[in-house]
Amino acid sequence: MRDVLSVASECAPLVKTGGLADVVGALPAALKGEGVRVLTLLPGYPKVMAALGAASGTLLDEPELFGGPARVVAGQAAGLDILAIEAPHLYARECGPYLDPEGRDWPDNPERFAALSWIAARIAGGALPGWRPSVIHAHDWQAGLVADHLAKQGVSDVGTILTIHNIAFQGLVPAHRLEDLRLDPGRYTQGGFEYWGQVSMLKAGLTACDKLTTVSPTYANELMRPEFGMGLDGVMRERRADLAGILNGIDDATWNPGEDALIPAPYTRPRGKAANKAALREEFGLGEAAGPLCIVVSRLTEQKGIDLLIEALPVLLERGGQLALLGSGHRSMEAALNDAAAAHDNVAVRIGYDEALSHRMMAGADTILVPSRFEPCGLTQMYGLRYGTVPLVALTGGLADTVINASPMALERGVATGLQFWPADAEGLKNALSRLCDLYEAGPTFRQMQKNGMAQPVGWAGSAAAYARLYDEVGAR
Ligand code: ADP
Ligand code: GLC
């Protein structure tokens, strides 16, 4: 049995802003079947502390953690073994995990997340009674200082893995704060954590962890190219031998159309979607239409290509298609989407975050659109596959790895599951939307694609095994 400490800033269902939380929340259960025991270390945000409740007991006292006292408490929540850092000076704040009420990053985010790595290193050094991990699995820049803090604390007998969920978020900190973060100035070099005159908490992990992973094989290759590496492609090329792309799965108990309590009419075959579609149209105030009912469930950012969608939308509408969108993010995109909804009967928009609604949308739609400019893995296209909601996606990252494009040959062989387009620009998306409408009109072909998607395995089994092998490799040193 391997013991792994997973270290992350979010974890579904306790605290979530995106797919990172889904992965951190779902992987431990999948790893259990591989003989791996995972404890998940999280910041003690109010929601996390509330979920652990009175059952939690103090395991570790830390008198001075980046500006105040802290303790580590343990408990169970949502089937996960959680270790939470209770440090009110860092985490006892309402709102999301990263932003203040005005939507700006908290100025002390570097310290708030450095604390996560510091405590992870303490635990790896044996500070908890009765449990020590053989591997630390760190996620994204928020846990990027793990290897540096292990070195600082003189702990060397633990393996380290850093998973890159999105290289666009790098945790940049002015260089003068380096020692406040308990970092070694000797590593402030190009080969260390220096990044154009600043400290990059992500680069710290990229240059010091034993192994690196990212969340799809295609993104692993893309990361080594300047177009996708966000200035870190050189580092990725240097570490190519230690980099693996392991595809995310989805939590297929939560996302199961046959037993989903959040949808009006659970189903196991595409035709079972009809009742859900009718309910969805009613909920969004959309009438009957000749074309496909498309959905988007997404953060509204440049990454997600929402601006491309706004530009390409007329093509869908001219063919009698409809769009129902749920998302939040850039104010300008929210406004543009609301304008589109006001201008067209066949467009409906909900600005906000709503997990239950996202299930109803997945069940009721014909197609999910994911026109991302880059996408490390992406989860919503996999929910789409499972729900018989044909994904139309850009050919990048995990979107390339999870969808089988409806090329003439794939259609002829009956194996297509979705549509892909590239480059990720408005023209490409327009063409893809028009292909979608053709396929939708050719009824049986579209239904075959829905069936193929529903039959495709999108769970964690294979990837959990890949992580377990990696833990064996780094933990065996
Ligand atoms: P990313 O992590 O880049 O945002 P992913 O596709 O990996 O992209 O994960 C996004 C996750 O967040 C999915 O579980 C998706 O359903 C969910 N999500 C995104 N926006 C919303 C929203 N507005 N309401 C409900 N769920 C959302
Ligand atoms: C990031 C990526 C997304 C990925 C998720 C989980 O948020 O943007 O593509 O699915 O992490 O790994």
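Count the sequence shown with the working numbering and you get residues 571 to 1047, in order.
Note that beta-carbon positions come from the ideal geometry of N, C-alpha and C, so glycine has one too.
Open item on the list: Within the continuous alpha helix (DSSP H) that includes P993, where are the two ends?
Closed with: It is not in any alpha helix (DSSP H) - P993 carries neither H nor E in the DSSP assignment.
Task: Segment limits, beta strand (DSSP E) that includes L896 - done: Q892 to G899
- [ ] Determine contact between the region 861-868 and the region 935-953, defined as no fewer than three beta-carbon pairs at a distance below 8 angstroms.
- [x] yes
TODO: Figure out for me which residue from V743, G627 and D670 has the closest Cα to the Cα of E681.
DONE: V743
- [ ] Would you give the residue range spanned by the beta strand (DSSP E) that T784 belongs to?
- [x] K781 to T784
Open item on the list: Rounding to the nearest angstrom, what Cα-Cα distance links E672 and S579 in this structure?
Closed with: 20 angstroms
Task: Separation of H659 from D971, as counted between CA atoms - done: 42 angstroms
Task: Cβ-based neighbour list, E548, same chain, cut-off 7 angstroms, excluding 5 preceding and 5 following - done: As displayed, the chain neither begins before 571 nor continues past 1047, which places residue 548 out of reach and without an answer.
Task: Element boundaries [beta strand (DSSP E), containing R607] - done: Note, R607: beta strand (DSSP E), V606 to P613.
- [ ] Mark H719 as exposed unless 16 or more other C-beta atoms lie within 10 angstroms of its C-beta, in which case mark it buried.
- [x] By the neighbour-count criterion, in which a residue is buried when 16 or more other Cβ atoms sit within 10 angstroms of its Cβ, H719 is buried.
TODO: Indicate whether D822 and G1029 have their beta-carbon atoms separated by less than 7 angstroms.
DONE: Cβ distance < 7 angstroms, so D822 and G1029 count as in contact.
Task: Candidates C581, A582 and L879, of which the one nearest V940 by Cα - done: L879
Task: Residues sharing a beta bridge with A964, DSSP - done: F991
Task: Cut-off 7 angstroms between Cβ atoms - residues of its own chain near F991, not counting five sequence neighbours on either side - done: A964, L965, G998, L999, N1001 and A1002
Open item on the list: For C665, list the residues DSSP reports as bridge partners.
Closed with: Paired residues: none, contrary to the question.
- [ ] Kindly list the residues whose CB is nearer than 8 angstroms to the CB of D1042, restricted to its own chain and excluding five residues on each side of it in sequence; keep chain order.
- [x] R572
TODO: Report yes if the C-beta of L879 is less than 6 angstroms from at least one heavy atom of the ligand ADP; otherwise report no.
DONE: L879: no, Cβ never under 6 angstroms from the ligand ADP.
- [ ] Have a look at V867 and T950 and give me their C-alpha separation to the nearest angstrom.
- [x] 7 angstroms
Open item on the list: Below 6 angstroms, is the gap between the Cβ of E925 and the nearest heavy atom of the ligand ADP?
Closed with: yes
Open item on the list: On the DSSP bridge list, what partners appear for L720?
Closed with: According to DSSP, L720 bridges with nothing at all.
Task: Given A738 as reference, the closest of N846, G799, G695 and D909 once Cα atoms are compared - done: G799
Task: C-alpha gap between L686 and T610, whole angstroms - done: For L686 and T610, the gap between their C-alpha atoms comes out near 11 angstroms.
Task: From R1005, D750 and Q1020, residue whose alpha carbon lies closest to that of V769 - done: D750
TODO: Identify, in the order they occur along the chain, each residue of the same chain with its Cβ nearer than 6 angstroms to the Cβ of S1033, setting aside the five sequence neighbours on each side.
DONE: I816, L817 and G819
Open item on the list: Nearer than 6 angstroms: is that true of the beta carbon of G1032 relative to any heavy atom of the ligand GLC?
Closed with: no
TODO: Identify, in the order they occur along the chain, each residue of the same chain with its Cβ nearer than 7 angstroms to the Cβ of A906, setting aside the five sequence neighbours on each side.
DONE: Cβ neighbours of A906 beyond the five flanking positions: I880.
Task: Heavy atom of the ligand ADP within 6 angstroms of L715 beta-carbon - done: A distance criterion of 6 angstroms places the beta-carbon of L715 beyond contact range of the ligand ADP, judged by its closest non-hydrogen atom.
Open item on the list: Within the continuous alpha helix (DSSP H) that includes V618, where are the two ends?
Closed with: P616 to L622
Open item on the list: Measuring straight from C-alpha to C-alpha, what distance separates A624 and V585?
Closed with: 19 angstroms
Open item on the list: Taking the straight line between their C-alpha atoms, what separation do you get for G984 and G958?
Closed with: 15 angstroms
Task: The beta strand (DSSP E) enclosing Q646, as first and last residue numbers - done: Looking at the DSSP string, the run of the beta strand (DSSP E) that includes Q646 is A640 to A647.
Open item on the list: On the criterion of 16 or more Cβ atoms from any shown chain inside 10 Å, does A912 qualify as buried, or is it exposed?
Closed with: It counts as exposed.
Task: Reference L802; option with closest CA among G741, S902, G897 and V973 - done: G741
TODO: State yes or no: is the C-beta of T950 nearer than 6 angstroms to some heavy atom of the ligand ADP?
DONE: yes
Task: Cutoff 7 angstroms: G627 Cβ touching any chain C Cβ - done: Here there is only one protein chain, and chain C is not present.
Open item on the list: Would the region 755-768 count as touching the region 782-793 if we require 3 or more Cβ pairs under 8 angstroms?
Closed with: With the cut-off at 8 angstroms, the region 755-768 and the region 782-793 do not touch.
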